[in-house]
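Residue numbers (the numbering used here): 166 to 330. Where is the CB? At the ideal position from N, CA and C, for every residue including glycine. What follows is a single structure, written as structure tokens, with notes after it.
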Ligand code: RP5
């Protein structure tokens, strides 16, 4: 590994407007699980060279999973996947077409370069983070244990719901 801060997961988004209420929710989960990660705005069409340089940089610092969130003609995750063989997870961001355009742009990769596409918006960002943690868990079982505890806590909260009080 080269000099610089260790990173296991990277969250990229095409615009700062993708952060609040969406990608930030994924970052919060990565923080909760203690996963070293970075979040950055880099665009497939506005800053393509910087995107390629950044992928090389974070791979040299240990990045295992990439998450790309973008809206509209959402090619960020696809371009990311063209530049790495590490798992790439795509988060379609809500757009003028309510995110359906983003969903199809992210999911409909031609065979050969996969992007694991999550749900539109905040739930997609949260699940991308959880899926990234599961992927890390294949090599580092402590992350799988944390996911089990996370699910157990959420199940307990459901079972304890009291609608009349
Ligand atoms: C995409 O275009 C971004 O991911 C964002 O969701 C969308 C609109 O970008 P802004 O015009 O809000 O910066 O590249």
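On the CB-based measure, 16 or more other CB atoms within 10 Å of its CB, does residue 265 come out buried or exposed? exposed
Looking only at its own chain, which residues have a Cβ that is under 7 Å from the Cβ of residue 227, when we skip the five neighbours before and after it? 166, 171, 172 and 173
Taking 7 Å as the cut-off, is the CB of residue 182 close to at least one heavy atom of the ligand COA? As presented, the structure is devoid of the ligand COA, carrying the ligand RP5 as its sole ligands.
Please classify residue 255 as buried or exposed, where buried requires at least 16 other C-beta atoms within 10 Å of its C-beta. buried
Count the CB pairs spanning the region 279-294 and the region 182-195 that are closer than 8 Å, and state whether there are at least three. yes
Which residues mark the beginning and the end of the alpha helix (DSSP H) in which residue 177 is found? Per DSSP, residue 177 belongs to no alpha helix (DSSP H); it is in the beta strand (DSSP E), 174-178.
Tell me the residue span of the alpha helix (DSSP H) that contains residue 310. 306-324
Straight-line CA distance for residue 249 to residue 258? 22 Å
Using 8 Å as the Cβ pair cut-off and three pairs as the minimum, do the region 296-313 and the region 194-213 touch? Three or more Cβ pairs closer than 8 Å define a contact, and the region 296-313 meets that threshold against the region 194-213.
Contact between the region 229-245 and the region 299-308 is defined here as three or more beta-carbon pairs at a separation below 8 Å; is this criterion met? yes
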